[in-house]
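First the structure, in the form of structure tokens, and then the observations on it.
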């Protein structure tokens, strides 16, 4: 009878962990959407709560770096951001080593185009082993939105390309509260005119502890943006 009871309890815990992980998928997608709502309004604050018995949210600082070049190889700017993780031990729930699932958006590019494009990518990753433990994770990773427009001024037209990237940094209690509070602090913009091409590269400052190209699983690590000669680019960041 004892064996039966232990088996039943283990099965129940496994089902509870599976249901919890499914619920937190939606929570983390909400966090990704809230980042966009909060990032571009200075002083705006939003708190999103979750409930978890088997896992916890963690913040990993300086996990992604985006470097921007214009007109070939001319350095324009470099931006480093953290990521948000929900970590559940694989002893509680596992889908197998190297399991990957896109939640939002469906593609894996770090550059998304259009007014409704997201500024964060939400996905599931189980990558073992890693320095901080053996987890299946739901990841919210900041990515870049690009929008372009053409403005007619007299007899000529000017092409504008606006890029948006939220820069996530740690608050006062990054680990142990079952809620995430997002606060917009400062929006900055860097611009340049006379641009003929844009290249953006992503790199991984913490690849030595497992947060590497395999972990982020981007479609490409370098993206080229086709811009008409003489375009103006504006790069907006929130930090």
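Numbering (my numbering), first residue to last: 1 to 239.
Quick reminder that beta carbons are idealized off the backbone N, C-alpha and C, glycines included.
In this text the structure is predicted, and so the values were computed from the model without any measurement.
Residue j beta carbon less than 9 Å from that of residue i
i, j, result
"residue 207", "residue 222", "no"
"residue 236", "residue 197", "no"
"residue 138", "residue 28", "yes"
"residue 163", "residue 144", "yes"
"residue 48", "residue 182", "yes"
"residue 142", "residue 124", "no"
"residue 168", "residue 42", "no"
"residue 135", "residue 55", "yes"
"residue 38", "residue 184", "yes"
Backbone CA spacing between residue i and residue j [nearest angstrom]
i, j, result
"residue 187", "residue 132", "32 Å"
"residue 97", "residue 22", "18 Å"
"residue 231", "residue 14", "55 Å"
"residue 74", "residue 192", "12 Å"
"residue 154", "residue 105", "39 Å"
"residue 238", "residue 161", "17 Å"
"residue 53", "residue 171", "23 Å"
"residue 158", "residue 166", "26 Å"
"residue 20", "residue 101", "17 Å"
"residue 83", "residue 156", "42 Å"
"residue 40", "residue 116", "14 Å"
"residue 1", "residue 99", "Confidence at residue 1 is low in this model, with a pLDDT of 44, below 50, so the placement of that residue is unreliable and no value is reported for it."
"residue 214", "residue 95", "17 Å"
Whole-angstrom C-beta distance between residue j and residue i, which should lie under 8 Å
i, j, result
"residue 85", "residue 60", "6 Å"
"residue 81", "residue 64", "5 Å"
"residue 218", "residue 110", "5 Å"
"residue 205", "residue 62", "5 Å"
"residue 195", "residue 151", "Not confirmed; about 15 Å, so no contact."
Given residue i as reference, the closest of the options once Cα atoms are compared
i, options, result
"residue 121", "98, 25, 230", "25"
"residue 148", "226, 37, 23", "226"
"residue 87", "79, 220, 178, 189", "178"
"residue 113", "128, 124, 146", "146"
"residue 46", "30, 55, 57", "30"
"residue 189", "228, 123, 204, 78", "78"
"residue 91", "111, 57, 108, 128", "128"
"residue 93", "212, 169, 18", "18"
"residue 210", "228, 130, 151", "130"
"residue 203", "89, 67, 95", "67"
"residue 229", "89, 184, 72", "72"
"residue 199", "57, 184, 220", "220"
Reduced DSSP category for residue i - H, G, I as helix; E, B as strand; rest coil
i, result
"residue 95", "coil"
"residue 30", "helix"
"residue 121", "strand"
"residue 130", "coil"
"residue 25", "helix"
"residue 209", "helix"
"residue 144", "strand"
"residue 44", "coil"
"residue 239", "coil"
"residue 136", "strand"
"residue 156", "strand"
"residue 87", "strand"
"residue 65", "strand"
"residue 151", "strand"
Min CB distance residue i to chain D below 9 Å
i, result
"residue 133", "In the structure shown, chain D does not exist; there is a single protein chain."
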